Amino acid sequence: MKLYYVANVRIPTEKAHGIQIMKMCEAFARQGFDVELIVPRRFTQINSNPFEYYSTKSIFSIKKMPCIDLVRYGKWGFYVQAISFALSAFFYVMFTPKAVIFGRDEQSLMLVSFFRQVAWETHTSVYNQATKVLLRMKPFVVTITHGLENFYISKGFNSKNIFVSPDGVDERLFGVTTTKYEARSKLGIPLGKKVVLYTGHLYDWKGAHTLARASQDLPEDVLVYFVGGTEGDIKSFKEQFGAMPNIRILGKKPYAEIPLYLKSADVLVIPNSAKSDISNLYTSPMKLFEYMEGGVPIVASSIPSIREIIDDSSAFFCSPDDSVSLSDAIMRVLANNEEAQKKAIQARIIVKNYTWEKRARNILDFIKVQL
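Here the sequence shown is numbered in numbering that gives the first Met the number 0, starting from 0 and rising by one per residue.
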């Protein structure tokens with residue numbers, strides 16, 4: 000059976016949604032579907048093969064559709080691009096009978112929804128004109144947290160048409176058996192230090208700044224590594240924190256190398272802020288599942304979105320936006336190795352329920368029941 004995944008994104012892209020989309024297309028294909036990812040033909044500075052860039056098997060196809068790419072001209076330029084891509088995608092998918100039409104962009108699915116049943120996956124509390132049109136068309140809705148589910152129910156979406164499915168992990172990629180010693184030797188990370196690691200973007204709501212401030216309260220033999228971020232954010236972050244003696248800002252690394260960095264660490268940190276709803280209620284961080292599969296003790300902000308997945312049996316928690324609480328939690332991990340390892344083992348057991356393949360299977364089962 001055909002499955003079209005419609006996504007108004009650049010592929011490859013430096014943004015995390017590119018990983019999620021490519022991994023879900025791979026996972027859908029592993030369920031026996033003939034998957035075609037439909038994206039706009041837009042300029043990108045990343046010239047890598049998408050399948051290599053995302054460490055994804057080439058078991059699905061990618062179709063780049065024409066659009067009027069005026070995104071660089073601001074809001075109206077984005078609208079022109081989004082509408083032109085939506086029209087291209089509409090005429091491409093409409094004439095395949097019995098296809099599953101899936102996507103993350105309400106604008107891209109809006110026109111199709113007048114004629115075909117669609118499945119819309121949403122990661123934010125967007126409620127614009129396109130969302131209101133989708134509401135009337137009664138799509139299948141996939142949210143990544145119960146907080147996001149509650150938001151859309153409050154806007155009038157039928158709870159029976161909503162399926163909550165958190166993000167996931169590629170267990171083949173992140174379930175590596177490399178030892179900490181081997182990982183550090185390959186990466187040039189000091190063997191005689193304690194290593195605290197954060198991976199991902201450096202946006203304010205991700206809480207990386209809180210971790211940087213927490214590093215001031217850690218002993219000299221504890222190094223705090225930051226891996227990831229856009230060029231602009233990395234530059235700004237270095238200007239703010241680069242001079243601090245125990246901070247190492249490595250910038251963006253190839254996705255295939257991230258499992259090695261996780262294995263090099265003594266503590267993995269998810270310091271999300273509670274100051275914005277996207278962090279507090281709506282996010283399902285891919286890094287959380289990657290950390291869990293990595294088998295390294297986790298320190299996380301105690302916020303609802305994170306506690307939907309892990310609890311005190313599988314992680315150490317700190318108060319969000321509190322650098323002192325965060326540094327204290329990191330020191331608890333380092334001072335209690337036996338307890339930390341038990342929690343890391345429990346986290347790895349839990350994450351077996353959150354692979355991309357299980358996620359794809361659950362979403363498809365939900366769609367089949369509703370049809």
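Glycine included, each C-beta is placed from N, C-alpha and C at the ideal position. Source: prediction; values computed, not measured.
> Excluding the five sequence neighbours on either side, which residues of its own chain have a C-beta within less than 6 Å of the C-beta of residue 213, listed in chain order?
Replying inline: 322, 325, 326
> Can you name the start and end residues of the alpha helix (DSSP H) that residue 24 belongs to?
Replying inline: 15-29 is the span of the alpha helix (DSSP H), which, as asked, contains residue 24.
>> Pairs of beta-carbons, one from the stretch 222-236 and one from the stretch 248-265, closer than 8 Å: are there three or more?
In response: yes
> Between residue 194 and residue 265, which are expected to be in contact by the criterion C-beta below 8 Å, what is the C-beta distance as a whole number of angstroms?
Replying inline: Contact between residue 194 and residue 265 holds, with the beta-carbon distance rounding to 5 Å and staying under 8 Å.
>> Let's test the definition: count the other Cβ atoms within 10 Å of the Cβ of residue 295 and tell me whether it reaches 16, buried, or not, exposed.
In response: buried
> Where does residue 33 sit, in a helix, a strand or coil, going by DSSP?
Replying inline: strand
> DSSP on residue 264, reduced to helix/strand/coil?
Replying inline: DSSP places residue 264 in coil when its eight states are reduced to three.
> Based on the DSSP secondary-structure assignment, which residues constitute the bridge partners of residue 5?
Replying inline: Paired residue(s): 37, 102.
> What residue from 334, 285, 340, 290 has the CA that sits closest to residue 15's CA?
Replying inline: 285
> DSSP on residue 57, reduced to helix/strand/coil?
Replying inline: Reduced to three states, the DSSP call for residue 57 is coil.
>> Closest to residue 22 by C-alpha separation, out of 42, 39, 208, 60, would be which residue?
In response: 60
> From residue 45 to residue 353, what distance separates their C-alpha atoms?
Replying inline: 29 Å
> Nearest to residue 24 by alpha carbon, out of 39, 41, 6, 301?
Replying inline: 6
> With contact counted as at least three CB pairs below 8 Å, one residue from each stretch, are the stretch 343-359 and the stretch 301-314 in contact?
Replying inline: yes
>> I need the DSSP call for residue 224, collapsed to helix, strand or coil.
In response: Residue state, collapsed to three classes: strand.
> Taking the alpha-carbon positions, what's the residue 76 to residue 127 distance?
Replying inline: 17 Å
> Which parts of the stretch 175-205 are runs of the alpha helix (DSSP H), unbroken and 4 residues or longer, counting only runs that do not cross its ends?
Replying inline: 179-186
> In the structure shown, what three-state DSSP assignment does residue 247 receive?
Replying inline: If DSSP states are grouped into helix, strand and coil, residue 247 belongs with the strands.
> Under three-state DSSP, which class holds residue 349?
Replying inline: Reduced to three states, the DSSP call for residue 349 is helix.
>> One question on the structure: do residue 49 and residue 10 come within less than 8 Å of each other, judged by their Cβ atoms?
In response: Against a cut-off of 8 Å, the Cβ pair of residue 10 and residue 49 comes out as a contact.
> With a cut-off of 8 Å, do at least 3 Cβ pairs link the stretch 109-118 to the stretch 33-41?
Replying inline: no
>> Am I right that residue 258 and residue 173 are in contact with their C-beta atoms under 8 Å? What's the rounded C-beta distance?
In response: 5 Å
>> Can you tell me whether residue 236 is helix, strand or coil according to DSSP?
In response: helix
> Pick from 73, 104, 108, 79: whose alpha carbon is nearest that of residue 90?
Replying inline: 108
> When the Cα atoms are used, what is the spatial distance from residue 369 to residue 104?
Replying inline: 21 Å
> DSSP puts residue 64 in a beta bridge; with which residues?
Replying inline: 39
> Would you say residue 350 and residue 288 are within 8 Å of each other, going by their C-beta atoms?
Replying inline: Yes.
>> If you follow the alpha helix (DSSP H) that residue 207 is in, where does it begin and where does it stop?
In response: 207-213
> How many whole angstroms separate the CB atoms of residue 270 and residue 222, which I take to be in contact at a CB cut-off of 8 Å?
Replying inline: 16 Å between Cβ atoms; not a contact.
>> On the CB-based measure, 16 or more other CB atoms within 10 Å of its CB, does residue 189 come out buried or exposed?
In response: exposed
> At what residues does the beta strand (DSSP E) containing residue 161 begin and finish?
Replying inline: 161-163
> Using the C-alpha atoms, what's the distance from residue 196 back to residue 186?
Replying inline: Whole-angstrom Cα-Cα distance: 13 Å.
> Can you list, in chain order, the stretches of the beta strand (DSSP E) that have 3 or more residues and sit fully within the stretch 268-329?
Replying inline: 297-300, 315-317
> How many angstroms separate the CA atom of residue 306 from the CA atom of residue 300?
Replying inline: 9 Å
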